[in-house]
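Colleague: The structure follows.
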Amino acid sequence: MIRYILFDLDNTLYSAKTGMENDFQRRIIAFTSRFLGIPGEEALARRQEGITRYGTTIEWLIGDNGFTAIEEYYAAVHPEGEEEVIPPDPQLRLFLKSLGVPLAVLTNSPREHADRVLAKIGIADLFTHIFDIRWNGNQGKPLPAAFTRALDALGSGAGNTLFIDDAPRYVQGYLNLGGKGLLRDELGRYPDYLHPKIRELPELTRYL
Ligand SMILES: [Mg+2]
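Under our numbering, the first residue of the sequence shown carries the number 988, and numbering increases by one thereafter.
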């Protein structure tokens, strides 16, 4: 029985078609290029390789590149006004309220980004907890600790908590803990993904 639902934020609680992710990926590459003093294309290639070994760009910058200006990075990647591309979603609000299960967010983004985006969608008040990357000591999904700390705070076990994310490796990290994990593959990017997946959030009721 599912006692809690834990949502990723970006491209999970809003559509990947908004372009928000492209916007902040562009800012990540611009920042990385500046910090490493290399052209954007090289920064893109090095970051793509780096995040296969680390869960997030910030962990890669810290771990491989001696990076320390963490707050500067978050401010550059998530500027005020970034949420303008996200439309309000009153239907999602109604749907989430109809579930009758407590809801929380686990994101590898910083809290201010989560607050802005959730407010813009119109669902900020529907979550009991918002676990962001700082809360996890700047070490995010798919590390087991990122999940277990959140579950401990919720007082809910992995087997009773449905976790939904648009990134297969983050869902896999949760499945590895014995959790109930669900991929949101809105655009059909992962036809070979073998575990439970949905395109739109209302389909999640099948897994409650
Ligand atoms: Mg996401």
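All C-beta atoms, glycine included, are put in the ideal place defined by N, C-alpha and C. Just so it is clear, the structure is predicted and the values come from calculations on it, not from any experiment.
Grab me the residues of residue 1172's own chain with a C-beta within less than 6 Å of its C-beta, minus the 5 sequence neighbours each way, in chain order.
Modeller: Within the sequence shown, residue 1172 is the residue found at index 185, counting from 1. Only 1184 meet the Cβ criterion.
Colleague: Between residue 1170 and residue 1189, is the Cβ-Cβ spacing less than 8 Å?
Modeller: The residue you call residue 1170 lines up with position 183 of the sequence shown. The residue you call residue 1189 lines up with position 202 of the sequence shown. No, these two residues do not count as a Cβ contact at 8 Å.
Colleague: If you follow the alpha helix (DSSP H) that residue 1104 is part of, which residue opens it and which one closes it?
Modeller: Locating residue 1104 in the sequence shown gives position 117, counting from the first residue. Looking at the DSSP string, the run of the alpha helix (DSSP H) that includes residue 1104 is 1098 to 1108.
Colleague: In this structure, does DSSP put residue 1120 in helix, strand or coil?
Modeller: In the sequence shown, counting from the first residue as 1, residue 1120 sits at position 133. Coil at residue 1120, not helix or strand.
Colleague: Quick one: Cα of residue 1147 to Cα of residue 1069, how far?
Modeller: The residue you call residue 1147 lines up with position 160 of the sequence shown. The residue you call residue 1069 lines up with position 82 of the sequence shown. So the alpha carbons of these two residues sit roughly 34 Å apart.
Colleague: So for residue 1152, helix, strand or coil by DSSP?
Modeller: Within the sequence shown, numbered from 1, the residue matching residue 1152 stands at position 165. Correct three-state label for residue 1152: strand.
Colleague: Leaving out five residues before and five after residue 1093 in sequence, what residues of the same chain have Cβ atoms less than 6 Å from its Cβ?
Modeller: As a position in the sequence shown, residue 1093 is number 106, starting the count at 1. So the list reads 993, 1118, 1137, once near-sequence residues are dropped.
Colleague: What's the call for residue 1124, buried or exposed, on a 16-neighbour Cβ count within 10 Å?
Modeller: Position 137 of the sequence shown, counted from the start, is the residue given in the question as residue 1124. Exposed, by the Cβ-count rule.
Colleague: Any heavy atom of ligand 1 within a distance shorter than 7 Å of the CB on residue 1044?
Modeller: Stepping through the sequence shown from its first residue, residue 1044 is reached at position 57. Within the chosen limit of 7 Å, ligand 1 does not reach the beta carbon of residue 1044 with any heavy atom.
Colleague: Name the DSSP bridge partner or partners of residue 1169?
Modeller: Position 182 of the sequence shown, counted from the first residue, corresponds to residue 1169. Residue 1169 pairs with 1151.
Colleague: Tell me whether the stretch 1099 to 1106 and the stretch 1032 to 1048 touch, counting them as touching only if at least three CB pairs, one residue from each stretch, are closer than 8 Å.
Modeller: no
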